[in-house]
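Notes follow once the structure below has been shown.
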C-alpha cells in the first residue's frame, strides 16, 4: 500500500513529453514568424516605385483634373493616378492647378 502513485521515473517521462510538445509548438511559432518576416521583406522589395508625377481627378467621373502633384506629395488623394513628366507639363499648361504643397510646377521648371 505504500506504492499508490506513479513512480518518479514515470512522472519525469511525462514531464519530458509535455516539454517536447511545448518545444515543438514554440519551434512552429518561430517558423511561422520567420515566414511572415520573409513575406513582408519580399513585399517591400517587390513594391513598384511610386510614380514621379500624379494627376488628381475631380470628385465625379466626368470632372476635370484638380491638381498635378509630385509623386511623393503628402496631399494626394485616392483619385490620383501616375502620369509621365510630359503629361504633367501639359496638364499644367492646359490649366490644371499645381499642388500648392509639393509645387510640381517648380520641380518641372515651369514658372508663372
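Residue numbers (my numbering): 377 to 488. The C-beta atom is built at its ideal place from N, Cα and C for all residues, glycine as well.
Query: Span of the alpha helix (DSSP H) around residue 419; Result: 384-422
Query: Where residue 456 falls: helix, strand or coil (DSSP); Result: strand
Query: Residues bridged to residue 432 [DSSP beta-bridge criterion]; Result: 443 and 456
Query: Where residue 444 falls, given that 16 or more other Cβ within 10 Å makes a residue buried; Result: buried
Query: With 16 other Cβ atoms within 10 Å as the buried cut-off, status of residue 440; Result: exposed
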